[in-house]
Each structure stands twice: as structure tokens, then as C-alpha cells.
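Residue numbers (this note's numbering): 225 to 551.
Heads up, the beta-carbon is just placed ideally off N, CA and C, and yes, glycines get one too.
The structure under discussion appears below in the form of C-alpha cells.
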């Protein structure tokens with residue numbers, strides 16, 4: 225398979241594998257607002273490292289959304305680490321920049337070595353090893369290749385976790401980042417025991433009623449601008465409280481609303497408790513939403529990105545940039 229030659233071409237991959245082989249303790253940490261790609265990749269890598277006799281801790285800064293909480297071994301995820309503990313190695317997963325880390329998280333105080341793994345453009349984190357592959361459809365693809373480089377046998381649980389990771393970041397293999405390599409890897413994962421039907425059903429077809437009702441309300445309030453090329457959805461604190469939504473409930477709403485014919489850019493603006501906003505942006509065609517998110521300290525992919533906005537004025541400035549480019 226082509227991933228074998230791809231692995232051999234990456235010196236950063238080989239160096240990352242060497243760091244991990246030398247470690248006795250490893251901390252795995254994704255960005256804030258953990259998603260399916262992060263969770264599946266982290267749990268698969270953790271099981272692989274543990275099979276090598278390496279003590280591994282999986283850290284999340286936010287609760288898992290229901291759509292990904294069904295995978296095995298999620299009980300391995302902790303939400304804090306003991307104060308003062310220093311690991312041999314810290315693996316940052318998809319932390320494109322310092323803003324993607326939780327407040328107060330200082331990598332150099334938590335580990336002797338830092339491996340930075342990402343498949344997004346514009347990664348500015350400076351690790352001891354920086355393995356960045358912007359051609360990978362998902363972090364799950366990279367972790368699959370890393371496990372192969374570590375010569376780890378992939379169990380059924382690991383296969384399920386990696387299948388979820390790749391499936392979630394490709395939108396069920398619908399997004400343009402899906403490649404023949406993506407299908408080669410997921411085919412092998414199915415051969416290794418991944419339950420593709422269960423993963424798809426749980427991720428896409430097991431939506432709690434409160435979220436369905438919330439999406440219905442938002443659908444009725446969508447703002448179509450620039451002759452329908454720009455679609456805006458706004459989530460206020462009153463809306464969140466009225467529907468009993470938690471932070472983790474909001475993760476999949478963007479994908480469920482981004483289905484409007486003729487839309488080139490979609491943005492979900494969510495008001496936070498401190499009156500700041502988060503923006504989740506999606507695009508179709510050639511429109512680049514990553515460049516918009518990057519202007520506000522965010523990042524992501526050309527067709528899927530996000531950022532934090534300090535107040536309503538900054539949120540309106542982001543909308544103004546979208547209008548200008550689409551008008």
C-alpha cells in the first residue's frame with residue numbers, strides 16, 4: 225500500500241517514533257473542544273504505546289461529545305494531570321497554535337520532549353519534533369502510519385477508534401480531503417475489525433432529541449446573505465440555556481446545518497458566557513475559510529476552520545470580511 229512508501233519518506237515520522245520508543249511515560253493532549261479525529265487518534269495511539277510497556281495518559285480539556293463517546297476505552301481519558309508531574313514525552317495533537325491550548329497549559333513544564341503532530345496548514349508550535357502532513361485527510365491517517373512505524377499490532381478497539389477519527393474528519397468520506405489513500409487505510413482498518421456500520425450510525429444517526437429541536441429552531445433563523453452565498457447561524461446564551469445544551473452538544477451542529485444549496489460559506493457564531501464568541505466556518509468550492517479564521521488567531525483547513533472572537537464587534541468584523549469576499 226502507498227502509506228508504506230509515504231512513511232519511509234518522512235524523517236519527522238521516524239524521529240517521532242524514536243522519541244516514543246525511548247520514553248517511559250507519555251502524555252497525549254489534543255486541542256480544546258476535542259473532536260472525533262482527536263479522540264479516536266489519541267485512544268488508538270495510547271493503546272499502542274501501552275502495548276509497548278509505555279505509561280500513557282490521555283488528557284482532554286473538554287468532555288467528549290455524545291457522538292464520539294461510544295468508542296471503547298474513553299474511560300482512559302482524564303481531565304487534569306497531577307500538579308508537578310513531568311512526562312518523558314508530550315504529544316500535542318492538532319494544536320495549530322498556542323490559542324488551541326487551554327489557558328495555563330504550558331508544554332515545556334509538562335514534559336522533557338515535545339512532539340507536535342498536525343495535518344493543518346499554518347502550524348506555529350515549535351516542538352522538538354514537528355511532524356506536519358497537510359496532505360493527510362485526518363490525524364487518524366497519521367496515527368495509523370505512526371503505529372505501523374512503531375511496529376504495533378492494531379487491535380479491533382484501535383481499528384474502531386482510527387476509523388472514527390478518519391470518518392469524522394472527512395465528513396463520512398464526503399469532503400474533498402478524502403483521497404484514495406484514505407480509503408486504502410480505512411479498508412485495512414475494516415479488515416482489522418473496525419465496525420464501519422456502528423461508527424457511522426453512532427456518529428451520524430444517534431442525535432439526541434434536544435439537539436434535533438435546536439437544529440430545527442436554528443434552521444428557521446438562518447440568515448442568507450450575498451444572494452445566498454453566505455449563510456449565518458447565531459447561537460446565543462439564551463438559546464443554549466433554553467434548549468438545555470451543553471458545550472459538547474454544539475460540536476456537531478455546524479455539520480447538520482451546512483447543507484444549503486448555493487451556499488459557499490457557512491458560519492456558526494456561538495456566544496460564550498463571558499460575551500466572547502466562537503466561530504465555526506465551513507466552505508464549499510474554492511472559497512477559503514481558513515484565511516478568515518487565521519486573521520483572528522484561529523486555523524484549520526481551507527474548507528473547515530474556526531476561531532475565537534473577543535466580543536460582538538469582532539464577530540461582526542469577521543462577518544464583514546466574509547461579505548466583502550463573497551460580494
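In this model, residue 499 and residue 530 are separated by some 17 Å (Cα to Cα). Rounded to the nearest angstrom, the gap between the Cα atoms of residue 300 and residue 451 is 48 Å.
With respect to the C-alpha of residue 270, the residue from 391, 388, 256 and 251 having the closest C-alpha is 251. Contact between residue 550 and residue 489 is confirmed by a C-beta separation of about 6 Å, below the 8 Å threshold. Under the DSSP assignment, residue 467 falls outside any alpha helix (DSSP H); it carries neither an H nor an E label.
Taking 8 Å as the cut-off, the beta carbon of residue 305 is found no closer than this to the beta carbon of residue 335. In this structure residue 356 is buried. Its beta-carbon is surrounded by 16 or more other beta-carbon atoms within 10 angstroms. Within the same chain, Cβ atoms closer than 6 Å to the Cβ of residue 352 are found at 337 and 338, the five residues on either side in sequence being excluded. Residue pairing by DSSP places residue 317 opposite 254 and 341 in a beta bridge. Residue 286 is not a Cβ neighbour of residue 322, given a cutoff of 8 Å. Exclusion of the five residues before and after residue 438 leaves 463, 467, 469, 473 and 477 as the residues of its chain whose Cβ lies within less than 8 Å of its Cβ. Looking at the DSSP output, residue 280 bridges to 250.
Contact fails between the region 289 to 303 and the region 239 to 249, because fewer than three Cβ pairs, one in each stretch, are under 8 Å apart. Close CB contacts of residue 400 within its chain, under the 7 Å cut and outside five residues either way in sequence, are with 527 (chain order). Annotated as proximal: residue 413 and residue 387, with beta-carbon spacing under 8 Å. Inclusion of residue 316 and residue 281 in the CB contact set at 8 Å is not warranted, their separation being larger than that value. Around the beta carbon of residue 392, a 10 Å sphere encloses 16 or more other beta carbons of the protein chains shown; the residue is thus reported as buried. Under the criterion of beta carbons closer than 8 Å, residue 427 and residue 284 do not qualify as touching, at roughly 18 Å.
For the 8 Å CB-CB criterion, residue 456 and residue 542 do not form a contact.
In the DSSP assignment, residue 523 is bridged to 530. Relative to residue 256, the option among 237, 324, 307 and 421 whose CA is nearest is 324.
Between residue 443 and residue 482, the alpha-carbon positions lie close to 10 Å from each other.
Residues 340 of the same chain have their beta carbon placed closer than 6 Å to that of residue 354, with the five preceding and five following residues left out of the count. Take residue 381, set aside five residues on each side of it, and the residues of its chain with a beta-carbon closer than 7 Å to its own are 271, 296 and 297, in chain order.
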